[in-house]
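K.L.:
Take a look at this one; I'll ask things after.
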Amino acid sequence: MFRLLVWSLCGTVVLVSAAGIVLKVQRVREMFHPWLPIYVKEPGHERTGHFYLFDETLGWRNVPNWSAKTRGQPLTINSRGLRDREYTLDKPPGVKRLLVLGDSFAWGYGVGDDDIFTEVLERRFESERRPWQVVNTGVSGWGTDQQYLFLKSEGFEYQPDVVLLAFYLLNDPKEVRLSDVYGLSKPVFLDTDLTLGNVPVPLPSQRKAGIESPVEHLELVVRVIEEIERECRKRNCRLVVMKFGRFVDPTFKGLFDVEQKFESKFARLRDRVPYLDLDEEFQKRKLRTKFLVAGNEDNHWNDFGHEQVGVILGEFLEQHGLLGLGGQPKSEPQSRESGS
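Below, the structure is given as structure tokens:
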């Protein structure tokens with residue numbers, strides 16, 4: 143669960159665990175020093191010392207220009223709040239960009255800056271002399287809804303040619319219905335028209351009872367993906383979805399059922415959105431879970447896991463002609479079906 147951090151006037155970070163004290167300190171800070179940033183942290187889970195910046199639009203985001211350690215590995219956030227190197231918003235002449243959306247898997251929980259699959263992929267492009275940059279916009283804890291909102295407000299400023307949605311089957315579908323996850327508030331879509339609720343996101347000291355969207359979670363998350371694809375198409379870029387999660391326990395029938403239901407609803411997008419089933423690729427290559435996550439926490443990929451994901455993703459992009467960008471997806475049908 144996220145807990146709150148407040149910076150005292152002398153610059154000392156004070157961890158407050160008692161809920162009542164937290165609220166009092168936050169209210170005093172908000173009343174007398176509203177210009178100071180508000181930070182949130184998950185110390186029981188994120189043993190990195192890293193923390194996040196409260197954001198009234200997205201809930202939370204990376205702290206720009208922050209350096210720390212993640213399980214002893216370097217963790218660096220650039221000036222625009224990305225766990226990546228610095229990029230200009232305008233692409234250099236002749237360069238293409240792949241922009242990655244995701245949660246802690248894309249963010250690189252537990253591995254160093256240079257070991258994240260986005261870096262593995264970019265090094266592959268460099269070795270093959272392909273003029274591609276890979277921009278990692280992942281933020282730990284973000285759901286598909288927050289990723290979509292970020293893409294619209296900031297992500298497209300990087301002028302991506304391809305957008306990759308790293309979709310984690312265990313968390314992303316259920317979190318899209320909720321305004322409160324990990325003990326922290328976030329925006330939430332209230333219907334299939336994507337009417338946004340819980341915005342502006344309340345300050346930590348003003349959190350209210352959580353809102354739960356009445357829309358079935360898999361239907362809602364596929365609607366969000368539809369809108370991501372629509373926004374990409376408007377800007378002449380391609381969306382790719384990379385699904386994963388069943389690798390955690392391939393024998394668990396409940397997870398298999400969720401996957402089947404998700405893919406049934408996602409089928410209405412398959413003619414326009416290339417779909418990389420990472421779980422299936424792991425199985426084909428006999429990559430067992432224990433080797434992909436050994437030494438890390440909560441089934442996050444280790445260095446080896448990220449390396450394999452980078453290799454698989456690079457091959458997928460090549461096989462589907464996405465690196466040459468040979469043609470755009472089919473036009474959207476005139477009427478959108480709700481799916482089954």
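Count the sequence shown with the numbering used here and you get residues 143 to 482, in order.
By construction, the Cβ of each residue, glycine as well, lies at the ideal position given by its N, Cα and C atoms.
1) What residue does the alpha helix (DSSP H) around Leu-362 start on, and which one ends it?
2) Please work out which residues of its chain come closer than 7 Å, Cβ to Cβ, to Glu-439, disregarding the five sequence neighbours upstream and downstream, and give them in chain order.
3) Can Leu-263 and Val-276 be called in contact, C-beta distance under 9 Å?
4) For Thr-279 and Leu-241, which I take to be in contact (beta-carbon distance under 8 Å), what is that distance rounded to the nearest angstrom?
5) Checking 9 Å against the spacing of the C-beta atoms, do Leu-311 and Arg-430 come in under that value?
6) Compute the Euclidean distance between the alpha carbons of Tyr-181 and Gly-250, then round it to the nearest angstrom.
7) For Asn-220, which option in Arg-213, Glu-401, Glu-228 has the closest C-alpha, if you only look at C-alpha atoms?
8) May I ask which residues mark the beginning and end of the alpha helix (DSSP H) holding Phe-483?
9) Tyr-194 bridges to which residues according to DSSP?
10) To the nearest angstrom, how far is the alpha carbon of Gln-215 from that of Leu-336?
11) Note down the Cα distance separating Val-357 from Asp-322, rounded to an integer number of angstroms.
12) Using the Cα positions of Arg-266 and Gly-456, report the straight-line distance between them to the nearest angstrom.
13) For Lys-428, does the count of other Cβ atoms within 10 angstroms reach 16, so buried, or fall short, so exposed?
14) For Ser-327 versus Ser-282, is the C-beta distance shorter than 9 Å?
15) Please work out which residues of its chain come closer than 7 Å, Cβ to Cβ, to His-359, disregarding the five sequence neighbours upstream and downstream, and give them in chain order.
16) Should Tyr-290 be counted as a contact of the ligand FMN given a C-beta to heavy atom distance under 8 Å?
17) To the nearest angstrom, report how far apart Trp-284 and Met-384 are at their CA atoms.
18) State the start and end residues of the unbroken alpha helix (DSSP H) segment that holds Leu-459.
19) Would you kindly report the start and end of the unbroken alpha helix (DSSP H) that includes Asp-419?
20) DSSP state of Phe-389, grouped into three classes?
21) Put Glu-261 into one of helix, strand or coil per three-state DSSP.
22) Restricting to Cα atoms, I'd like to know which of Val-382, Glu-354, Gln-348 is closest to Arg-412.
23) How many angstroms separate the CA atom of Phe-309 from the CA atom of Glu-270?
24) For a test of the three-state rule: what should DSSP assign to Asp-322, helix, strand or coil?
25) Kindly indicate the opening and closing residues of the alpha helix (DSSP H) around Leu-306.
26) Contact defined as beta carbons within less than 8 Å: I believe Leu-464 pairs with Val-304. What is the distance between those atoms, to the nearest angstrom?
27) Rounded to a whole number of angstroms, what is the C-alpha to C-alpha distance between Lys-166 and Arg-380?
28) Would you report the Cα separation of Asp-255 and Thr-212, rounded to the nearest angstrom?
29) Output the distance between the C-alpha atoms of Asp-197 and Val-343, rounded to the nearest integer angstrom.
30) Going by the beta-carbon positions, is the gap between Lys-407 and Glu-361 smaller than 9 Å?
P.N.:
Per the coordinate set shown:
1) 359 to 376
2) Gly-252
3) yes
4) 6 Å
5) no
6) 20 Å
7) Glu-228
8) Only positions 143 to 482 of the chain appear in this structure, which leaves residue 483 out of reach.
9) Tyr-194 pairs with Val-182, Asn-204.
10) A straight-line Cα-Cα distance of about 39 Å links Gln-215 and Leu-336.
11) 16 Å
12) Cα atoms of Arg-266 and Gly-456: separation of roughly 8 Å, rounded to the nearest angstrom.
13) exposed
14) Not closer than 9 Å, so no.
15) Pro-315, Lys-316, Val-318, Arg-319
16) Ligands displayed in this structure: none; no statement on the ligand FMN is therefore possible.
17) Here the C-alpha atom of Trp-284 lies approximately 16 Å from the C-alpha atom of Met-384.
18) The continuous alpha helix (DSSP H) containing Leu-459 extends over residues 445 to 461.
19) It is not in any alpha helix (DSSP H) - Asp-419 instead sits in the beta strand (DSSP E) that spans 417 to 419.
20) helix
21) helix
22) Val-382
23) For Phe-309 and Glu-270, the distance between alpha carbons rounds to 27 Å.
24) strand
25) Here Leu-306 belongs to no alpha helix (DSSP H); instead the beta strand (DSSP E) covers 304 to 310.
26) 6 Å
27) Its pLDDT being 49, under 50, Lys-166 is placed unreliably in this model, and the value from its coordinates should be taken loosely. Straight-line Cα distance between these residues: approximately 47 Å.
28) 9 Å
29) 7 Å
30) Yes, they are a contact pair.
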